[in-house]
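Trainee: The opening residue of the sequence shown carries number 95 in this note's numbering; numbering runs sequentially from there. Ideal placement from N, C-alpha and C gives every residue a C-beta, glycine not left out.
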Amino acid sequence: MLNSGSNIVKVVVPRRVWETYDYSVPARLSRPLIGARVSVPLGHGRAVGVVVGYVKQSEFDLRDIERVLDDQPLVSEEVVELGMWLSDYYHHPLGSVFETILPTAAIRGQPAHIEPEKQWSLVEQSNVLIRANAKRQHHAWQKLLERRVIRESNLKELGITRTVLDALERKGIVEMSNVATSQIITPSPISPTAEQKRAIDSIKANLETFQAFLLDGVTGSGKTEVYLQVIDEVIRQGKQALVLVPEIALTPQMTNRFHERFSRMAVMHSMISNAKRFETWCQAASGDMPIIVGTRSAVFTPFKDLGVIVVDEEHDASYKQSESLRYSARDIAVMRASKLGIPCVLGSATPSMESVMNARTHRYQYLQLSHRPGAAQLPSFHVQDMRHTRVKGGICEPLLRTIGEHLNRDGQVLILINRRGHSTYYICTDCGWTANCTDCDVRLTWHEVPVRLLQCHSCGRRYQPVTQCPDCGKKSIATLGVGTQQVEETLAESFPDVPRHRIDRDSVRTNRQLTAMFNRLQHAKDGLLIGTQMLAKGHHFPNVTMVAVIAADNGFLSTDFRGPERTAQLIVQVAGRAGRAEKRGEVWIQSYDPDNPDLMSLVRDGYEGFTETELRLRREANFPPFGQMAVIRAEGPDERVAEEFCAEVLNALRQCDVRVLGPAAAPITRVARQYRFQGVVMAPQRRQLHDALKTVERMRPKSRKTRWSIDVDPSEMA
Ligand code: ADP
Ligand code: ZN
Ligand code: ZN
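#1: Ends of the beta strand (DSSP E) at residue 212?
#2: With residue 237 as the anchor, note down where its beta strand (DSSP E) starts and where it stops.
#3: Mind checking whether residue 816 and residue 379 have CB atoms under 9 angstroms apart?
#4: Tell me which residues share the same chain as residue 452 and place their Cβ nearer than 6 angstroms to its Cβ, disregarding the 5 neighbours each side in the sequence.
#5: In whole angstroms, what is the alpha-carbon distance linking residue 614 and residue 464?
#6: Whose CA, out of 809, 805, 811 and 810, lies closest to the CA of residue 184?
#7: Would you list the one or two residues that DSSP bridges to residue 625?
#8: Following the continuous alpha helix (DSSP H) through residue 559, name the residue where it begins and the one where it ends.
#9: Do you know whose CA, among 279, 211 and 372, lies nearest residue 249's CA?
#10: Going by C-alpha distance, which of 688, 117 and 685 is nearest residue 154?
#11: Roughly how many angstroms separate the alpha carbons of residue 495 and residue 455, rounded to a whole number?
#12: Here's a check: name, in chain order, each residue in its chain whose Cβ is nearer than 6 angstroms to the Cβ of residue 173, leaving out the five neighbours to either side.
#13: Report, in whole angstroms, the separation of the C-beta atoms of residue 772 and residue 786, which I expect to be a contact under 8 angstroms.
#14: Grouping DSSP H, G and I as helix and E and B as strand, with all else coil, what is residue 527?
#15: With DSSP run on the structure shown, which of helix, strand or coil describes residue 413?
#16: Considering only the alpha carbon of each residue, which of 520, 165, 525 and 561 lies closest to residue 87?
#17: Taking 8 angstroms as the cut-off, does the CB of residue 57 come closer than this to any heavy atom belonging to ligand 3?
#18: Skipping 5 residues on each side, what residues in its chain have a beta carbon closer than 7 angstroms to that of residue 96?
#19: Can you give me the C-alpha to C-alpha distance between residue 740 and residue 325, rounded to a whole angstrom?
#20: Is any heavy atom in ligand 2 found nearer than 8 angstroms to the beta carbon of residue 410?
#21: Please state whether the Cβ-Cβ distance between residue 594 and residue 574 is less than 9 angstroms.
#22: Please classify residue 726: does DSSP put it in a helix, a strand, or coil?
#23: Distance, Cα to Cα, residue 779 vs residue 652?
#24: Measuring straight from C-alpha to C-alpha, what distance separates residue 767 and residue 797?
#25: Straight-line CA distance for residue 755 to residue 747?
#26: From 163, 126, 199 and 268, pick the residue whose C-alpha is nearest to that of residue 215; which is it?
#27: Inspect the beta-carbon positions of residue 583 and residue 487 and report whether they are closer than 9 angstroms.
#28: Considering residue 635, what are the terminal residues of the beta strand (DSSP E) in which it resides?
#29: May I have a chain-ordered list of the alpha helix (DSSP H) segments no shorter than 4 residues that lie completely inside the region 476-520?
#30: Measuring only the C-alpha atoms, how far is residue 499 from residue 635?
#31: Helix, strand or coil: how does DSSP classify residue 270 here?
#32: Just to confirm the assignment: which complete alpha helix (DSSP H) runs, minimum length 4, are found wholly within the region 272-345?
#33: For a test of the three-state rule: what should DSSP assign to residue 97, helix, strand or coil?
#34: Within the present structure, is the beta-carbon of residue 766 separated from the nearest heavy atom of ligand 3 by less than 8 angstroms?
#35: Between which residues of its own chain and residue 722 is the CB-CB distance below 6 angstroms, once the five residues before and five after are set aside?
#36: Given this structure, state the Cα-to-Cα distance separating residue 601 from residue 625, to the nearest angstrom.
Written as structure tokens, this is what we have:
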């Protein structure tokens, strides 16, 4: 039977499927709009899908949609098209793409209505009758006296509950109302520097067309101020703005800067509840929310009238998702801006090689902020040759002396060591046994605090320490290799009276703890800050006069071609913490390979110099941004099966016009009992790479236990 008429819809269901499904719309329902959700039968169950098109006729006997969930499109046509494009570009099943794009609450079919936000204020001239022992009511009342108005979205941070406010409302002390949705813009109190003005004017002159900008400026040079002034103009024109920030940077410090200027904005990140995320999503889609500041996945938010996209710290690795749909939010931001015909501003003190190349070839307009307004000079660099130098607990003697000098002059010293734990080896000095994880090919890291134990940093498994070697039985267990805890220990011995703060994933587990820690450190005027890269991101420590990088070699000599880039970025970011006030800061880098060309050019000519050297090396190797690359990964419990499947995919790719390397064991071959293999696919042009990947994207391993993935534009090779 030929099913015809215009009442057939194409639906994407958020499952691991490559195709859309056709359904008919029964006469009792009105035809859903594109972008609306529908409830459809699927197999023996049902699913919530999104209508992405209409079909004239179908040769199949179609099933009916059961319900239309949205009478207005929930997903804008632009985002529907974005989904199709993503499936194509990342060679990922269309259904899974929508699973990533849609908020969980939307997939669960929750209604998309927008409750206006509530606020509470004190009733004037009311008699305040709160019982003395009603502590929480007193607390709320105090806060209301301080702030006059409290919004629903601030309740949590203020430690006030709805129940308490309801009680106060019943007593006639407070009244509840809807937050006015109009935007109040507080004009900038700052007059921009000449460079800022040039940047702001260039972007503002481009609000009607697509143009990507690379805003290159050191930390504190005033990039955020540029974003704020551009957004100010966009909002005044009645349009919306999307601001993407790295995972770790979304702190109250950062959002407060936006709040001070714009009364109405929303944040979106992984800690926001499903319901709240969906609500914000709907508000953006309906045009009711003018500004969204969010992490990676906020890039999928539909907008009614988007006017600008900002990507802060565009080089940050957290913009790339490392599982399922392996997308780059930075690249999608540029893509969306180009489709929408709006500007996209990429800001960084240490731009990615990709963006640097795009600026050089004039695809992106290059804007530079070279000065910090009214602030210090950049720090001086010193590379400490570690060969033939006495080292104690990871730190060589000249460095210890210099740290001492800075501490004596009331400076704060920041120590970067990119390994947590105490020691990276746990060995028998007699027979050479090393402690390894039973589930991974990984050496265990020795931790002294809070508990003495061994831990696998791949799968997290913990092990009790041993007193004698399990192989030879001798009591000759020792530790080697340095982590944050050992550096702290060494410094405690040398400077017993100096306050120390260690910041790593062991001492700070959640973003909330991180924020609390940074707030405390803001007021710590002296002492030692010891930590991993967590220390490097977007936080200001005005008293730091010296930065020491303990082990830079790991990164510069990494097997991952992006290792040097990441390491240089990290060093420049931490160096940006030194000498913020009047005094010039000092940066020390310990290295066993001081002649490394990347390191040498970084120290001699700064990040720009590093860029020169690194781009030359990449060009010689045909690595991105000079060629296109994808990584194929396969893993499973059976080593041979995983390797064979990886080889099968790579051999199929070898039939195409691309260069293929592999299969090879992944740098860590076994993680959590899964054996991992990978191969690299390279091509000079995008088209060749994608044509090749298209031929393999739907291949299926024979065993369901083998999993595999295509990673386009990989950000790491591990
Ligand atoms: P970035 O985003 O590049 O780190 P910010 O925009 O945060 O830089 O600016 C750093 C500090 O300098 C902020 O406190 C900001 O208020 C201040 N600032 C920015 N631009 C100016 C200016 N033109 N004049 C004075 N202070 C400024
Ligand atoms: Zn032994
Ligand atoms: Zn493990």
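Mentor: From the atom records:
#1: 212-216
#2: First-last for residue 237: 229-241, but that is the alpha helix (DSSP H), not the beta strand (DSSP E).
#3: No answer is possible for residue 816: it lies beyond the span of the chain, which begins at 95 and ends at 812.
#4: Hits under 6 angstroms: 458.
#5: 30 angstroms
#6: 805
#7: 510 and 597
#8: Residue 559 -> no alpha helix (DSSP H), and no H or E assigned at all.
#9: 211
#10: 117
#11: 46 angstroms
#12: 396
#13: At roughly 16 angstroms, the Cβ-Cβ gap does not stay under 8 angstroms, so residue 772 and residue 786 are not in contact.
#14: coil
#15: helix
#16: Limits of the chain in this structure are 95 at one end and 812 at the other, which puts residue 87 out of reach.
#17: There is simply no residue 57 to check, as the chain begins at 95 and stops at 812 in what is shown.
#18: With a pLDDT of 45 at residue 96, under the threshold of 50, the modelled position of that residue is not reliable, and the figure given next carries that caveat. 151 and 153.
#19: Residue 740 and residue 325 have their C-alpha atoms some 47 angstroms from each other.
#20: no
#21: no
#22: strand
#23: 26 angstroms
#24: 16 angstroms
#25: Near 10 angstroms, if we compare the C-alpha coordinates of residue 747 and residue 755.
#26: Measuring from the Cα of residue 215, the nearest candidate turns out to be 268.
#27: yes
#28: Here residue 635 belongs to no beta strand (DSSP E), and DSSP marks it neither H nor E.
#29: 491-502
#30: 19 angstroms
#31: strand
#32: 288-298 and 317-330
#33: Caution applies to residue 97, whose pLDDT of 46 falls short of 50 and renders its modelled position unreliable; the value that the coordinates give is listed next. Residue 97: strand per DSSP, three-state reduction.
#34: yes
#35: 777, 780 and 783
#36: 10 angstroms
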